[in-house]
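Worksheet for the structure shown next.
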Amino acid sequence: MSILIQLQLRLCKQSRFYNSNLFSKKCLKILVPTSHYVHKTKVQPSATAINLTQEDLKLLPHKPEIIPAWRPTPSTDRTNLVQHYLKLSKIRLTTLVVVTSMAGYAVAPAPFEWSTFTLCILGTSLLSSAANSINQFHEVPFDAQMSRTKHRVLVCGRLTPLHAMLFATTAGLSGLGILYYGDNGLTAGLGLANLILYTSIYTPLKRISILNTWVGSIVGAIPPLMGWAACANSIGPGGWLMAALLYSWQFPHFNALSWNLRPDYSRAGYRMMAVTDPALCRRVALRHTVAIQLLSMTAPTLDITNWWFLFRKCST
């Protein structure tokens, strides 16, 4: 049987309720049913509290929704351990990362070798799995507040945080070793830089500044450079062009994705353009859409493709 508890949620311009100028530095008092979860994130109390009327609620960008907060609930079920690892690795995202590194390898002007190509795929996939696991380890309390992420394995307790970090450490060290000894030091260095950038800068920056999107785009642009470096042991102009294309592509992609997830990001306290500055979100997406078109036109000049590509592009 659930009971009613009184929650005080701090509302201000920098909080999880975006554009709430009317209720800046005030509190919202709501009665909600409790669950078996215990909230682990600290909410700073406010000196005063107000009860919002129906008219006040209409001014909020979305209705305040209380999602049961998270606490560790370790599970002893290990029957689906491989499936848990795949989810912890964000297997679909990891697959896309690997595909972009494969593209960089395939386009590089050097002999194609199946051995180094295969090791590049394996090392990149392990590093991506490690980065995604560490990211989820840090964001469990916030993932629990988002409809899109509240069923992740750490949030649901299917794996313990220690188990996840042991998996991330093993995958990360294995991936770096494979890239260093199987390919070359440049590829391993790019992989290590990307791992640090994603876990130590991008992940915490998501709750601090909208600059996280720019940093995250750099993270997404590095895998084709890794593939190119694995093949040629250097990075040529074509590799930088592929990285620039992928960098610009991520802005219209992610800005459109985050636009429909504004209530989730707002509730979890993430600083996204779609939440804090919707007009800027639209402008940035448009600018980089234009940049993608311009960058694509330079591909034939760098021998990444032929001039027929440019003709087909202009005709469509």
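Residue numbers (the working numbering): 9 to 324. Cβ coordinates follow ideal geometry from the N, Cα and C atoms, glycine included.
In summary, R275 is buried, with 16 or more beta-carbon neighbours lying within 10 Å of its beta-carbon over all protein chains present. Counting along the chain, H261 sits inside the alpha helix (DSSP H) bounded by residues P245 to W267.
In the DSSP assignment, S133 falls within the alpha helix (DSSP H) that extends over W122 to H146. The continuous alpha helix (DSSP H) containing G185 extends over residues P169 to I186. Its chain contains P117 and G246 as the residues whose beta carbon lies nearer than 8 Å to that of D311, once the 5 sequence neighbours on both sides are disregarded; these appear in chain order. H92: member of the alpha helix (DSSP H) spanning L89 to L96, first to last residue. Contact between the stretch 264-278 and the stretch 232-247 is absent: fewer than three C-beta pairs spanning the two stretches fall below 8 Å. Within the stretch 189-249, the runs of alpha helix (DSSP H) at least 4 residues long that lie entirely inside it are, in chain order, 193-204 and 220-240. Going by beta carbons, P232 and V105 fall outside the 7 Å limit. Each residue's CA atom was taken as its position, placing V223 and N88 some 34 Å apart. In terms of Cβ geometry, T102 and H146 do not form a close pair [threshold 7 Å]. Judged by DSSP in its simplified three-state form, H159 adopts coil rather than helix or strand.
Inclusion of S97 and N140 in the CB contact set at 7 Å is warranted, their separation being smaller than that value.
For G112, the uninterrupted alpha helix (DSSP H) segment begins and ends at I99 to V115.
I300 is a Cβ neighbour of S256, given a cutoff of 7 Å.
About 20 Å separates the beta carbon of L213 from that of L135, a gap too long to meet the 8 Å contact definition. In the structure shown, the three-state DSSP call for R270 is helix. V161 sits away from A152, with the two beta carbons spaced by 7 Å or more. In its chain, beyond the 5 residues on either side, L187, M234, A237 and A238 have a beta carbon closer than 6 Å to the beta carbon of T195. Short of 6 Å from the beta carbon of T297, and not among the five residues preceding or following it, lie these beta carbons of its own chain, in chain order: P260.
Counting only residues of its own chain and dropping the five nearest sequence neighbours on each side, T132 has a CB closer than 8 Å to the CB of V105, V106, S109, G183, L187, G199, P231, M234 and G235.
For T297, the enclosing alpha helix (DSSP H) stretches over residues P286 to M305. Look at M154 here: in three-state DSSP terms it is coil, with no helix or strand label. Ranked by how close their Cα comes to the Cα of G190, the residues P119, F125 and T309 have F125 in first place.
Comparing alpha-carbon positions, the option among A201, M154, F262 and G112 lying closest to R290 turns out to be F262.
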